[in-house]
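Numbering (UniProt numbering), first residue to last: 1 to 466.
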(Lines of atoms letter the chains of each structure in order from A; the text may use other names.)
(Lines give C-alpha, C1' and ligand atoms only; values in the text may rest on other atoms or scores of the structure.)
Protein backbone atom coordinates (compact mmCIF):
# COMPACT_ATOMS: atom_id res chain seq x y z
CA UNK A 1 0.00 0.00 0.00
CA UNK A 2 2.82 2.42 0.89
CA UNK A 3 4.58 1.62 -2.37
CA UNK A 4 1.37 2.31 -4.29
CA UNK A 5 0.92 5.69 -2.59
CA UNK A 6 4.54 6.59 -3.33
CA UNK A 7 4.00 5.68 -6.99
CA UNK A 8 0.89 7.81 -7.30
CA UNK A 9 2.56 10.81 -5.71
CA UNK A 10 5.77 10.60 -7.73
CA UNK A 11 4.41 9.42 -11.08
CA UNK A 12 4.70 11.93 -13.94
CA UNK A 13 1.11 10.98 -14.83
CA UNK A 14 -0.18 12.67 -11.69
CA UNK A 15 2.11 15.68 -12.02
CA UNK A 16 0.42 16.90 -15.19
CA UNK A 17 3.78 17.26 -16.99
CA UNK A 18 4.41 15.69 -20.39
CA UNK A 19 5.89 12.23 -20.23
CA UNK A 20 8.57 11.34 -22.75
CA UNK A 21 8.43 7.80 -24.04
CA UNK A 22 10.99 5.91 -26.08
CA UNK A 23 10.50 3.36 -28.82
CA UNK A 24 11.59 -0.15 -27.90
CA UNK A 25 11.22 -3.48 -29.64
CA UNK A 26 9.28 -5.88 -27.46
CA UNK A 27 6.86 -8.70 -27.87
CA UNK A 28 3.20 -7.71 -27.88
CA UNK A 29 1.74 -7.91 -24.42
CA UNK A 30 -1.39 -6.55 -22.82
CA UNK A 31 -0.61 -3.08 -21.39
CA UNK A 32 -0.81 -2.82 -17.62
CA UNK A 33 -3.94 -1.20 -16.25
CA UNK A 34 -3.70 2.54 -15.73
CA UNK A 35 -2.98 3.28 -12.06
CA UNK A 36 -6.08 4.06 -10.01
CA UNK A 37 -6.28 7.59 -8.64
CA UNK A 38 -9.51 7.91 -6.66
CA UNK A 39 -8.74 11.48 -5.56
CA UNK A 40 -8.00 12.70 -9.07
CA UNK A 41 -11.12 14.88 -9.40
CA UNK A 42 -12.12 15.87 -5.89
CA UNK A 43 -8.68 16.67 -4.49
CA UNK A 44 -8.13 20.24 -3.35
CA UNK A 45 -4.36 19.68 -3.06
CA UNK A 46 -3.76 20.67 -6.67
CA UNK A 47 -5.65 22.41 -9.48
CA UNK A 48 -7.72 20.59 -12.07
CA UNK A 49 -5.73 19.62 -15.16
CA UNK A 50 -7.10 20.21 -18.66
CA UNK A 51 -5.80 19.45 -22.14
CA UNK A 52 -7.08 21.49 -25.07
CA UNK A 53 -6.39 19.92 -28.46
CA UNK A 54 -6.18 22.49 -31.25
CA UNK A 55 -5.03 26.09 -31.08
CA UNK A 56 -7.48 27.89 -33.35
CA UNK A 57 -10.09 30.37 -32.08
CA UNK A 58 -12.01 27.61 -30.28
CA UNK A 59 -9.03 25.99 -28.55
CA UNK A 60 -7.23 29.23 -27.71
CA UNK A 61 -10.40 30.77 -26.24
CA UNK A 62 -11.07 27.63 -24.20
CA UNK A 63 -7.48 27.55 -22.93
CA UNK A 64 -7.61 31.21 -21.92
CA UNK A 65 -10.88 30.74 -20.00
CA UNK A 66 -9.49 27.68 -18.20
CA UNK A 67 -6.19 29.34 -17.30
CA UNK A 68 -7.88 32.49 -16.04
CA UNK A 69 -10.02 30.26 -13.81
CA UNK A 70 -6.97 28.68 -12.18
CA UNK A 71 -7.06 25.42 -14.15
CA UNK A 72 -3.70 23.81 -15.01
CA UNK A 73 -4.06 24.09 -18.79
CA UNK A 74 -2.12 22.51 -21.66
CA UNK A 75 -2.79 23.66 -25.25
CA UNK A 76 -1.58 21.23 -27.92
CA UNK A 77 -1.37 22.72 -31.43
CA UNK A 78 -0.02 20.85 -34.44
CA UNK A 79 0.93 23.79 -36.68
CA UNK A 80 1.32 27.09 -34.80
CA UNK A 81 2.52 28.84 -37.96
CA UNK A 82 -0.19 27.37 -40.19
CA UNK A 83 -3.52 28.81 -41.26
CA UNK A 84 -6.93 27.55 -42.28
CA UNK A 85 -8.52 28.53 -45.62
CA UNK A 86 -11.10 30.97 -44.39
CA UNK A 87 -12.81 34.06 -45.73
CA UNK A 88 -11.81 35.82 -42.54
CA UNK A 89 -14.97 37.84 -41.91
CA UNK A 90 -16.03 38.23 -38.29
CA UNK A 91 -19.04 39.97 -36.74
CA UNK A 92 -18.47 43.45 -35.39
CA UNK A 93 -19.46 42.40 -31.86
CA UNK A 94 -16.51 39.98 -31.69
CA UNK A 95 -14.04 42.87 -31.49
CA UNK A 96 -15.44 44.09 -28.18
CA UNK A 97 -16.65 40.76 -26.82
CA UNK A 98 -13.23 39.15 -27.21
CA UNK A 99 -11.25 42.37 -26.70
CA UNK A 100 -9.52 42.12 -30.09
CA UNK A 101 -7.20 45.01 -30.96
CA UNK A 102 -7.89 46.96 -34.14
CA UNK A 103 -4.40 46.05 -35.37
CA UNK A 104 -5.68 42.54 -36.18
CA UNK A 105 -8.16 43.89 -38.73
CA UNK A 106 -6.92 44.06 -42.34
CA UNK A 107 -9.98 45.67 -43.91
CA UNK A 108 -13.25 47.22 -42.72
CA UNK A 109 -15.84 46.24 -45.27
CA UNK A 110 -18.80 48.58 -45.66
CA UNK A 111 -19.94 47.25 -49.05
CA UNK A 112 -20.89 43.60 -49.46
CA UNK A 113 -21.82 42.88 -53.08
CA UNK A 114 -23.81 39.73 -53.86
CA UNK A 115 -23.83 38.60 -57.51
CA UNK A 116 -26.47 36.26 -58.94
CA UNK A 117 -25.93 33.52 -61.55
CA UNK A 118 -26.74 36.10 -64.25
CA UNK A 119 -24.30 38.54 -62.55
CA UNK A 120 -27.09 40.75 -61.30
CA UNK A 121 -25.63 42.61 -58.29
CA UNK A 122 -27.12 43.69 -54.98
CA UNK A 123 -25.03 45.95 -52.75
CA UNK A 124 -25.34 45.52 -49.01
CA UNK A 125 -24.30 48.45 -46.90
CA UNK A 126 -26.90 51.18 -47.39
CA UNK A 127 -28.41 50.45 -43.98
CA UNK A 128 -25.11 50.38 -42.07
CA UNK A 129 -24.71 52.95 -39.32
CA UNK A 130 -21.60 55.20 -39.45
CA UNK A 131 -19.61 53.05 -37.00
CA UNK A 132 -20.66 49.68 -38.46
CA UNK A 133 -18.55 47.50 -40.73
CA UNK A 134 -17.53 43.89 -41.30
CA UNK A 135 -13.99 43.30 -39.98
CA UNK A 136 -11.79 41.20 -42.27
CA UNK A 137 -8.68 39.49 -40.91
CA UNK A 138 -6.27 36.64 -41.54
CA UNK A 139 -6.70 33.49 -39.51
CA UNK A 140 -2.99 33.04 -38.87
CA UNK A 141 -2.86 36.51 -37.31
CA UNK A 142 -5.98 36.03 -35.17
CA UNK A 143 -5.03 32.52 -34.05
CA UNK A 144 -1.51 33.53 -33.02
CA UNK A 145 -2.87 36.46 -31.01
CA UNK A 146 -5.41 34.29 -29.17
CA UNK A 147 -2.78 31.64 -28.38
CA UNK A 148 -0.39 34.26 -27.00
CA UNK A 149 -3.16 35.63 -24.81
CA UNK A 150 -3.95 32.14 -23.52
CA UNK A 151 -0.26 31.69 -22.68
CA UNK A 152 -0.19 35.05 -20.91
CA UNK A 153 -3.15 33.85 -18.84
CA UNK A 154 -1.12 30.80 -17.74
CA UNK A 155 -1.81 28.12 -20.34
CA UNK A 156 1.19 26.03 -21.35
CA UNK A 157 1.57 25.75 -25.15
CA UNK A 158 2.75 22.36 -26.42
CA UNK A 159 3.49 22.35 -30.18
CA UNK A 160 2.82 18.81 -31.31
CA UNK A 161 0.57 16.39 -33.16
CA UNK A 162 -2.18 14.87 -31.04
CA UNK A 163 -2.46 11.14 -31.78
CA UNK A 164 -4.87 9.48 -29.34
CA UNK A 165 -6.48 9.43 -25.90
CA UNK A 166 -6.41 6.58 -23.45
CA UNK A 167 -9.81 6.76 -21.82
CA UNK A 168 -10.16 6.58 -18.03
CA UNK A 169 -11.03 3.28 -16.40
CA UNK A 170 -13.43 4.96 -13.98
CA UNK A 171 -15.08 8.31 -13.35
CA UNK A 172 -12.17 9.40 -11.18
CA UNK A 173 -9.28 8.25 -13.39
CA UNK A 174 -7.39 10.69 -15.64
CA UNK A 175 -7.33 10.79 -19.42
CA UNK A 176 -3.94 9.97 -20.94
CA UNK A 177 -3.38 12.25 -23.94
CA UNK A 178 -0.76 11.03 -26.45
CA UNK A 179 0.97 13.42 -28.83
CA UNK A 180 4.16 13.70 -30.85
CA UNK A 181 6.24 16.69 -29.88
CA UNK A 182 7.26 19.31 -32.44
CA UNK A 183 10.78 20.83 -32.52
CA UNK A 184 9.61 23.88 -30.56
CA UNK A 185 8.12 21.89 -27.67
CA UNK A 186 10.04 22.87 -24.49
CA UNK A 187 12.11 20.01 -23.11
CA UNK A 188 11.24 17.59 -25.91
CA UNK A 189 13.01 16.30 -28.99
CA UNK A 190 11.23 16.59 -32.32
CA UNK A 191 9.18 13.50 -33.07
CA UNK A 192 9.30 12.27 -29.49
CA UNK A 193 6.11 10.43 -28.46
CA UNK A 194 4.84 12.06 -25.28
CA UNK A 195 1.92 11.59 -22.93
CA UNK A 196 0.00 13.89 -20.63
CA UNK A 197 -2.41 12.94 -17.85
CA UNK A 198 -5.34 15.31 -17.38
CA UNK A 199 -8.77 15.38 -15.77
CA UNK A 200 -10.73 16.99 -18.62
CA UNK A 201 -10.23 17.22 -22.38
CA UNK A 202 -11.52 19.80 -24.86
CA UNK A 203 -11.38 18.82 -28.52
CA UNK A 204 -10.93 21.86 -30.75
CA UNK A 205 -9.10 20.06 -33.54
CA UNK A 206 -11.35 20.82 -36.50
CA UNK A 207 -13.75 18.97 -38.75
CA UNK A 208 -11.54 15.84 -38.90
CA UNK A 209 -11.29 15.77 -35.12
CA UNK A 210 -9.20 12.94 -33.70
CA UNK A 211 -10.59 13.74 -30.28
CA UNK A 212 -14.11 13.11 -31.62
CA UNK A 213 -13.02 9.72 -32.96
CA UNK A 214 -11.25 8.85 -29.72
CA UNK A 215 -14.39 9.44 -27.63
CA UNK A 216 -16.80 7.96 -30.22
CA UNK A 217 -18.65 11.24 -30.73
CA UNK A 218 -20.20 10.07 -34.01
CA UNK A 219 -19.74 11.11 -37.62
CA UNK A 220 -21.10 14.01 -39.62
CA UNK A 221 -20.96 15.16 -43.22
CA UNK A 222 -18.41 17.76 -44.24
CA UNK A 223 -18.00 20.24 -47.04
CA UNK A 224 -14.71 21.39 -48.53
CA UNK A 225 -13.47 24.95 -48.72
CA UNK A 226 -10.87 25.80 -51.36
CA UNK A 227 -9.17 29.17 -51.48
CA UNK A 228 -6.40 30.98 -53.33
CA UNK A 229 -4.73 34.05 -51.93
CA UNK A 230 -4.03 36.39 -54.82
CA UNK A 231 -1.88 39.51 -54.59
CA UNK A 232 -3.30 42.11 -56.96
CA UNK A 233 -1.65 45.15 -58.53
CA UNK A 234 -2.27 48.38 -56.57
CA UNK A 235 -5.13 49.41 -58.83
CA UNK A 236 -6.83 46.07 -58.28
CA UNK A 237 -6.41 46.23 -54.50
CA UNK A 238 -7.84 49.75 -54.40
CA UNK A 239 -11.10 48.35 -55.77
CA UNK A 240 -11.40 46.14 -52.69
CA UNK A 241 -10.50 48.84 -50.17
CA UNK A 242 -13.89 48.42 -48.43
CA UNK A 243 -15.60 45.94 -50.76
CA UNK A 244 -16.18 42.19 -50.44
CA UNK A 245 -17.97 40.06 -53.03
CA UNK A 246 -20.09 36.92 -52.83
CA UNK A 247 -20.99 34.98 -55.98
CA UNK A 248 -23.85 32.48 -56.16
CA UNK A 249 -24.57 30.11 -59.03
CA UNK A 250 -24.32 26.45 -59.93
CA UNK A 251 -21.14 27.24 -61.85
CA UNK A 252 -19.25 28.29 -58.69
CA UNK A 253 -21.01 26.00 -56.16
CA UNK A 254 -24.10 23.79 -56.34
CA UNK A 255 -24.93 24.31 -52.66
CA UNK A 256 -22.90 27.21 -51.28
CA UNK A 257 -21.29 30.41 -52.55
CA UNK A 258 -17.94 31.69 -53.76
CA UNK A 259 -16.15 34.76 -52.48
CA UNK A 260 -13.59 37.48 -53.09
CA UNK A 261 -12.67 38.89 -49.68
CA UNK A 262 -10.00 41.58 -49.18
CA UNK A 263 -6.99 41.16 -46.87
CA UNK A 264 -4.07 43.42 -46.03
CA UNK A 265 -2.15 43.07 -49.32
CA UNK A 266 -4.14 40.45 -51.23
CA UNK A 267 -7.62 39.05 -51.80
CA UNK A 268 -8.90 35.61 -50.80
CA UNK A 269 -10.71 33.98 -53.72
CA UNK A 270 -12.47 30.72 -52.95
CA UNK A 271 -15.52 28.50 -52.95
CA UNK A 272 -17.02 25.61 -51.01
CA UNK A 273 -19.29 22.63 -51.54
CA UNK A 274 -20.44 19.41 -49.97
CA UNK A 275 -22.38 18.06 -52.95
CA UNK A 276 -19.55 18.26 -55.50
CA UNK A 277 -16.30 17.87 -53.59
CA UNK A 278 -14.49 16.03 -56.43
CA UNK A 279 -15.21 19.04 -58.67
CA UNK A 280 -13.75 21.65 -56.33
CA UNK A 281 -10.97 22.71 -58.71
CA UNK A 282 -13.47 23.18 -61.54
CA UNK A 283 -15.62 25.31 -59.23
CA UNK A 284 -12.56 27.34 -58.24
CA UNK A 285 -11.76 27.95 -61.90
CA UNK A 286 -15.34 29.17 -62.33
CA UNK A 287 -15.10 31.79 -59.58
CA UNK A 288 -11.84 33.03 -61.06
CA UNK A 289 -13.62 33.32 -64.41
CA UNK A 290 -16.61 35.13 -62.84
CA UNK A 291 -14.34 37.61 -61.08
CA UNK A 292 -12.48 37.95 -64.37
CA UNK A 293 -10.78 41.28 -65.02
CA UNK A 294 -11.19 42.38 -61.39
CA UNK A 295 -8.43 39.96 -60.34
CA UNK A 296 -6.48 40.01 -63.60
CA UNK A 297 -2.74 40.38 -63.23
CA UNK A 298 -2.77 38.93 -59.74
CA UNK A 299 -0.18 36.54 -58.34
CA UNK A 300 -1.28 33.43 -56.43
CA UNK A 301 0.74 33.43 -53.21
CA UNK A 302 -0.97 30.57 -51.39
CA UNK A 303 -3.42 27.75 -52.13
CA UNK A 304 -5.45 26.27 -49.25
CA UNK A 305 -8.12 23.62 -48.76
CA UNK A 306 -9.84 22.37 -45.64
CA UNK A 307 -12.99 20.46 -44.59
CA UNK A 308 -15.80 22.30 -42.82
CA UNK A 309 -18.68 20.63 -40.93
CA UNK A 310 -22.23 20.58 -42.24
CA UNK A 311 -24.04 20.13 -38.91
CA UNK A 312 -23.34 19.43 -35.21
CA UNK A 313 -22.02 16.02 -34.21
CA UNK A 314 -24.40 13.49 -32.65
CA UNK A 315 -22.47 13.73 -29.34
CA UNK A 316 -20.55 16.81 -28.30
CA UNK A 317 -19.89 15.77 -24.69
CA UNK A 318 -18.78 12.27 -23.70
CA UNK A 319 -17.62 11.78 -20.12
CA UNK A 320 -15.28 14.61 -19.15
CA UNK A 321 -14.39 15.33 -22.79
CA UNK A 322 -16.15 18.05 -24.80
CA UNK A 323 -15.99 19.24 -28.40
CA UNK A 324 -16.04 22.88 -29.49
CA UNK A 325 -15.78 24.84 -32.73
CA UNK A 326 -15.57 22.89 -36.00
CA UNK A 327 -14.96 19.67 -34.05
CA UNK A 328 -18.46 20.08 -32.58
CA UNK A 329 -19.94 21.16 -35.93
CA UNK A 330 -20.57 24.85 -35.22
CA UNK A 331 -20.55 26.29 -38.74
CA UNK A 332 -23.63 27.85 -40.32
CA UNK A 333 -24.57 26.23 -43.62
CA UNK A 334 -26.03 29.36 -45.22
CA UNK A 335 -23.06 31.65 -44.65
CA UNK A 336 -20.27 29.22 -43.75
CA UNK A 337 -19.48 31.34 -40.70
CA UNK A 338 -17.49 29.63 -37.98
CA UNK A 339 -14.87 31.93 -36.41
CA UNK A 340 -17.16 33.63 -33.92
CA UNK A 341 -18.98 30.41 -33.01
CA UNK A 342 -15.65 28.64 -32.51
CA UNK A 343 -14.34 31.26 -30.09
CA UNK A 344 -17.70 31.55 -28.32
CA UNK A 345 -18.10 27.79 -27.82
CA UNK A 346 -14.50 27.44 -26.59
CA UNK A 347 -14.93 30.18 -24.02
CA UNK A 348 -18.34 28.88 -22.96
CA UNK A 349 -17.00 25.35 -22.45
CA UNK A 350 -13.93 26.57 -20.54
CA UNK A 351 -16.02 28.74 -18.25
CA UNK A 352 -18.42 25.84 -17.60
CA UNK A 353 -15.52 23.67 -16.44
CA UNK A 354 -14.14 26.42 -14.19
CA UNK A 355 -17.56 27.03 -12.65
CA UNK A 356 -18.17 23.36 -11.89
CA UNK A 357 -14.70 22.93 -10.38
CA UNK A 358 -14.95 26.00 -8.17
CA UNK A 359 -18.49 25.37 -7.00
CA UNK A 360 -18.36 21.61 -6.44
CA UNK A 361 -14.73 20.50 -6.69
CA UNK A 362 -15.73 18.03 -9.40
CA UNK A 363 -16.34 18.08 -13.16
CA UNK A 364 -18.72 15.50 -14.60
CA UNK A 365 -20.44 14.79 -17.90
CA UNK A 366 -23.66 16.17 -16.40
CA UNK A 367 -21.89 19.44 -15.58
CA UNK A 368 -20.67 19.84 -19.14
CA UNK A 369 -24.04 18.99 -20.65
CA UNK A 370 -25.86 21.43 -18.40
CA UNK A 371 -23.50 24.40 -18.20
CA UNK A 372 -22.10 24.14 -21.73
CA UNK A 373 -24.32 22.19 -24.14
CA UNK A 374 -27.70 23.31 -22.84
CA UNK A 375 -26.59 26.93 -22.68
CA UNK A 376 -25.17 26.75 -26.20
CA UNK A 377 -28.28 25.16 -27.69
CA UNK A 378 -30.61 27.61 -25.98
CA UNK A 379 -28.65 30.54 -27.37
CA UNK A 380 -27.82 29.40 -30.91
CA UNK A 381 -29.82 26.35 -32.01
CA UNK A 382 -32.67 28.51 -33.36
CA UNK A 383 -30.26 30.66 -35.37
CA UNK A 384 -28.55 27.62 -36.90
CA UNK A 385 -31.87 26.05 -37.88
CA UNK A 386 -33.10 29.28 -39.46
CA UNK A 387 -29.93 29.61 -41.54
CA UNK A 388 -30.20 25.95 -42.57
CA UNK A 389 -33.70 26.69 -43.86
CA UNK A 390 -32.49 29.69 -45.87
CA UNK A 391 -29.78 27.54 -47.43
CA UNK A 392 -32.32 24.93 -48.49
CA UNK A 393 -34.71 27.49 -49.97
CA UNK A 394 -32.29 29.73 -51.85
CA UNK A 395 -29.20 27.66 -52.69
CA UNK A 396 -30.90 24.70 -54.32
CA UNK A 397 -31.24 26.13 -57.84
CA UNK A 398 -30.16 29.09 -59.93
CA UNK A 399 -33.74 30.36 -59.81
CA UNK A 400 -33.59 30.41 -56.03
CA UNK A 401 -30.24 32.20 -56.15
CA UNK A 402 -31.66 34.88 -58.45
CA UNK A 403 -34.50 35.38 -55.94
CA UNK A 404 -31.97 35.62 -53.10
CA UNK A 405 -30.05 38.43 -54.81
CA UNK A 406 -33.27 40.28 -55.58
CA UNK A 407 -34.22 40.17 -51.90
CA UNK A 408 -30.72 41.28 -50.86
CA UNK A 409 -31.40 44.61 -52.55
CA UNK A 410 -34.27 45.25 -50.12
CA UNK A 411 -33.22 47.77 -47.47
CA UNK A 412 -35.31 46.12 -44.73
CA UNK A 413 -33.68 42.75 -45.51
CA UNK A 414 -30.27 44.38 -45.26
CA UNK A 415 -30.99 45.96 -41.89
CA UNK A 416 -32.35 42.72 -40.40
CA UNK A 417 -29.40 40.77 -41.85
CA UNK A 418 -26.80 43.13 -40.43
CA UNK A 419 -28.54 43.26 -37.04
CA UNK A 420 -28.35 39.47 -36.82
CA UNK A 421 -24.84 39.08 -38.26
CA UNK A 422 -22.96 41.99 -36.72
CA UNK A 423 -24.34 41.49 -33.20
CA UNK A 424 -25.10 37.75 -33.19
CA UNK A 425 -28.70 38.01 -32.15
CA UNK A 426 -31.92 37.24 -33.98
CA UNK A 427 -33.11 40.72 -34.98
CA UNK A 428 -36.61 41.72 -33.94
CA UNK A 429 -38.42 43.38 -36.79
CA UNK A 430 -41.69 45.23 -37.27
CA UNK A 431 -44.47 42.68 -37.86
CA UNK A 432 -45.99 44.85 -40.59
CA UNK A 433 -42.66 45.03 -42.41
CA UNK A 434 -42.13 41.30 -41.81
CA UNK A 435 -45.49 40.59 -43.45
CA UNK A 436 -44.55 42.77 -46.39
CA UNK A 437 -41.21 40.99 -46.66
CA UNK A 438 -42.98 37.63 -46.74
CA UNK A 439 -45.06 38.75 -49.70
CA UNK A 440 -41.99 40.16 -51.47
CA UNK A 441 -40.17 36.87 -50.89
CA UNK A 442 -43.01 34.93 -52.50
CA UNK A 443 -43.01 37.37 -55.38
CA UNK A 444 -39.26 36.98 -55.87
CA UNK A 445 -39.54 33.20 -55.85
CA UNK A 446 -42.38 33.29 -58.36
CA UNK A 447 -40.45 35.62 -60.67
CA UNK A 448 -37.41 33.40 -60.39
CA UNK A 449 -39.45 30.34 -61.30
CA UNK A 450 -38.84 28.38 -58.11
CA UNK A 451 -42.50 27.73 -57.39
CA UNK A 452 -43.17 26.75 -60.98
CA UNK A 453 -40.29 24.31 -60.86
CA UNK A 454 -41.62 22.83 -57.64
CA UNK A 455 -45.12 22.41 -59.12
CA UNK A 456 -43.65 20.64 -62.16
CA UNK A 457 -41.66 18.38 -59.89
CA UNK A 458 -44.72 17.44 -57.86
CA UNK A 459 -46.73 16.87 -61.04
CA UNK A 460 -44.02 14.54 -62.25
CA UNK A 461 -44.16 12.60 -58.99
CA UNK A 462 -47.96 12.36 -59.29
CA UNK A 463 -47.78 11.13 -62.89
CA UNK A 464 -45.24 8.48 -61.94
CA UNK A 465 -47.46 7.19 -59.14
CA UNK A 466 -50.66 7.03 -61.27
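All C-beta atoms, glycine included, are put in the ideal place defined by N, C-alpha and C.
Inset, instruction - Could you name the residues of the same chain whose beta carbon sits closer than 7 Å to that of residue 123, not counting the 5 residues immediately before and after it, in chain order? - result: Taking the first residue of the chain shown as 1, we reach residue 123 at position 123. Cβ neighbours of residue 123 within its own chain (closer than 7 Å, five residues either side excluded): 111 and 113.
Inset, instruction - Look up residue 383 in the DSSP assignment and give the residues it is bridged to. - result: On the chain shown, residue 383 is found 383 positions in, with the first residue counted as 1. Under DSSP, no beta-bridge partner is assigned to residue 383.
Legend entry - Closest Cα partner of residue 169 within the set 319, 356 and 383: As a working note, residue 169 is residue 169 in the chain shown. The shortest CA-to-CA distance from residue 169 to any of 319, 356 and 383 is the one to 319.
Inset, instruction - Below 6 Å CB to CB, which residues in the same chain sit around residue 258 once its five sequence neighbours on both sides are set aside? - result: Here residue 258 refers to the residue found at position 258 when the chain shown is read from its first residue. Answer for residue 258: 247, 252, 271 and 287, listed in chain order.
Legend entry - Complete runs of the beta strand (DSSP E) confined to the segment 348-427 [at least 3 residues]: Here no run is fully enclosed.
Legend entry - Rounded separation between residue 329 and residue 345 - CA only: Position 329 of the chain shown, counting from 1, holds the residue named residue 329. Position 345 of the chain shown, counting from 1, holds the residue named residue 345. Going by C-alpha positions, residue 329 is about 11 Å away from residue 345.
Legend entry - Under the three-state DSSP convention, the category residue 60 falls into: Taking the first residue of the chain shown as position 1, residue 60 is located at position 60. Three-state DSSP puts residue 60 in a helix.
Inset, instruction - Could you say if the segment 76-92 and the segment 333-349 meet the contact criterion of at least three C-beta pairs nearer than 8 Å? - result: Two segments are said to touch when three or more pairs of C-beta atoms, one from each, lie closer than 8 Å; by this definition the segment 76-92 touches the segment 333-349.
Legend entry - Nonlocal neighbours in the same chain, by C-beta distance under 7 Å from residue 389, ignoring five residues either side: For the purposes of this step, residue 389 is taken as residue 389 along the chain shown, with counting starting at 1. Closer than 7 Å at Cβ, skipping near neighbours: no residue.
Inset, instruction - Taking only runs that begin and end inside the segment 240-322, name each unbroken alpha helix (DSSP H) of 4 or more residues, in chain order. - result: List check, alpha helix (DSSP H) in window: 280-291.
Legend entry - Residue from 134, 398, 76 and 56 with nearest C-alpha to residue 263: Position 263 of the chain shown, counted from the first residue, corresponds to residue 263. Taking residue 263 as reference, the option from 134, 398, 76 and 56 with the minimal CA-CA separation is 134.
Legend entry - Span separating the alpha-carbon of residue 99 from that of residue 347: What you label residue 99 is simply residue 99 of the chain shown in a count that begins at 1. What you label residue 347 is simply residue 347 of the chain shown in a count that begins at 1. Distance between the alpha carbons of residue 99 and residue 347 is about 13 Å.
Legend entry - Three-state secondary structure (DSSP) of residue 100: Within the chain shown, the letter at position 100 stands for residue 100. Note: residue 100 maps to coil in three-state DSSP.
Inset, instruction - Mind listing, in chain order, the continuous alpha helix (DSSP H) runs of no fewer than 4 residues lying wholly within the segment 97-174? - result: Entirely contained in the segment 97-174, the alpha helix (DSSP H) runs reaching 4 residues are, in chain order, 139-153.
Inset, instruction - Put residue 49 into one of helix, strand or coil per three-state DSSP. - result: Here residue 49 refers to the residue found at position 49 of the chain shown. Three-state result, residue 49: strand.
Legend entry - Beta-carbon separation (whole angstroms), residue 53 vs residue 76, contact threshold 8 Å: The residue labelled residue 53 in the question sits at position 53 within the chain shown. The residue labelled residue 76 in the question sits at position 76 within the chain shown. That belief holds up - the Cβ atoms of residue 53 and residue 76 are roughly 5 Å apart, short of 8 Å.
Inset, instruction - Could you tell me whether the Cβ atoms of residue 174 and residue 205 are closer together than 8 Å? - result: Reading the chain shown from its first residue, position 174 is the one you call residue 174. Reading the chain shown from its first residue, position 205 is the one you call residue 205. In terms of Cβ geometry, residue 174 and residue 205 do not form a close pair [threshold 8 Å].
Inset, instruction - List the residues that DSSP assigns as beta-bridge partners of residue 193. - result: To locate residue 193, count along the chain shown from 1; it is residue 193. DSSP output for residue 193 lists 180 as bridge partner(s).
Inset, instruction - Determine the contact status of residue 51 and residue 177, defining contact as a CB-CB distance below 8 Å. - result: Sequence index remark: in the chain shown, residue 51 carries index 51 (1-based). Sequence index remark: in the chain shown, residue 177 carries index 177 (1-based). Taking a C-beta distance under 8 Å as the contact criterion, residue 51 and residue 177 qualify as a contact pair.
Legend entry - Alpha-carbon to alpha-carbon, residue 115 and residue 402: As a first step, residue 402 is located in the chain shown; it is residue number 402 there, counting from the start. As a first step, residue 115 is located in the chain shown; it is residue number 115 there, counting from the start. Rounded to whole angstroms, residue 402 to residue 115 spans 9 Å at the Cα level.
Legend entry - For residue 90, the three-state DSSP class (helix, strand or coil): Along the chain shown, one-based indexing puts residue 90 at 90. Here residue 90 sits in coil by DSSP.
Inset, instruction - Give the straight-line distance between the Cα atoms of residue 323 and residue 222, rounded to the nearest whole angstrom. - result: What you label residue 323 is simply residue 323 of the chain shown in a count that begins at 1. What you label residue 222 is simply residue 222 of the chain shown in a count that begins at 1. In a straight line, the C-alpha of residue 323 is about 16 Å away from that of residue 222.
Legend entry - Bridge-paired residues (DSSP) for residue 200: Translated into the one-based positions of the chain shown, residue 200 becomes position 200. DSSP, once it has assigned bridges, lists 50 as partnering residue 200.
Legend entry - Enclosing beta strand (DSSP E) for residue 229 [first to last residue]: Translated into the one-based positions of the chain shown, residue 229 becomes position 229. Here the beta strand (DSSP E) through residue 229 covers 222-231.
Legend entry - Given residue 295 as reference, the closest of 268, 369 and 159 once Cα atoms are compared: The residue given as residue 295 occupies position 295 in the chain shown. Nearest C-alpha to residue 295: 268.
Legend entry - Member of 227, 201 and 225 whose CA lies at the smallest distance from the CA of residue 215: For this step, residue 215 is matched to residue 215 along the chain shown. The candidate whose alpha carbon is nearest that of residue 215 is 201.
Legend entry - Beta-bridge pairing of residue 72 - partner residues as DSSP gives them: What you label residue 72 is simply residue 72 of the chain shown in a count that begins at 1. Looking at the DSSP output, residue 72 bridges to 49.
Inset, instruction - Please report the residue range of the alpha helix (DSSP H) in which residue 214 lies. - result: The sequence position of residue 214 within the chain shown is 214, counting from 1. From DSSP, the alpha helix (DSSP H) with residue 214 extends over 210-214.
Inset, instruction - Report all residues from its chain with a CB closer than 7 Å to the CB of residue 55; omit the five preceding and five following residues, and keep chain order. - result: Within the chain shown, the letter at position 55 stands for residue 55. Closer than 7 Å at the Cβ level, and outside the excluded window around residue 55, lie 75, 77, 80, 143 and 147.
Inset, instruction - Name the one or two DSSP bridge partners that residue 77 has. - result: For the purposes of this step, residue 77 is taken as residue 77 along the chain shown, with counting starting at 1. Bridge pairing for residue 77: 159 [DSSP].
Inset, instruction - Would you check if the distance between the CB atom of residue 128 and the CB atom of residue 104 is smaller than 8 Å? - result: Taking the first residue of the chain shown as position 1, residue 128 is located at position 128. Taking the first residue of the chain shown as position 1, residue 104 is located at position 104. Cβ distance not < 8 Å, so residue 128 and residue 104 don't count as in contact.
Inset, instruction - Give me the Cβ distance between residue 290 and residue 373, rounded to the nearest whole Å; I'm assuming they're in contact under 8 Å. - result: For this step, residue 290 is matched to residue 290 along the chain shown. For this step, residue 373 is matched to residue 373 along the chain shown. So it is not a contact: roughly 41 Å between Cβ atoms.
Inset, instruction - Assign residue 238 to one of three DSSP states: helix, strand, or coil. - result: As a working mapping, residue 238 is identified with position 238 in the chain shown. In the three-state reduction of the DSSP assignment, residue 238 falls in the helix class.
Legend entry - For residue 330, the three-state DSSP class (helix, strand or coil): Along the chain shown, one-based indexing puts residue 330 at 330. Residue 330: coil per DSSP, three-state reduction.
Inset, instruction - Could you tell me which of 415, 387, 361 and 369 sits nearest to residue 69, measuring between CA atoms? - result: Within the chain shown, residue 69 is the residue found at index 69, counting from 1. Nearest to residue 69 by C-alpha distance, out of 415, 387, 361 and 369, is 361.
Inset, instruction - Helix, strand or coil for residue 55, going by three-state DSSP, please let me know. - result: For the purposes of this step, residue 55 is taken as residue 55 along the chain shown, with counting starting at 1. The three-state reading of DSSP puts residue 55 in coil, since its state is none of H, G, I, E or B.
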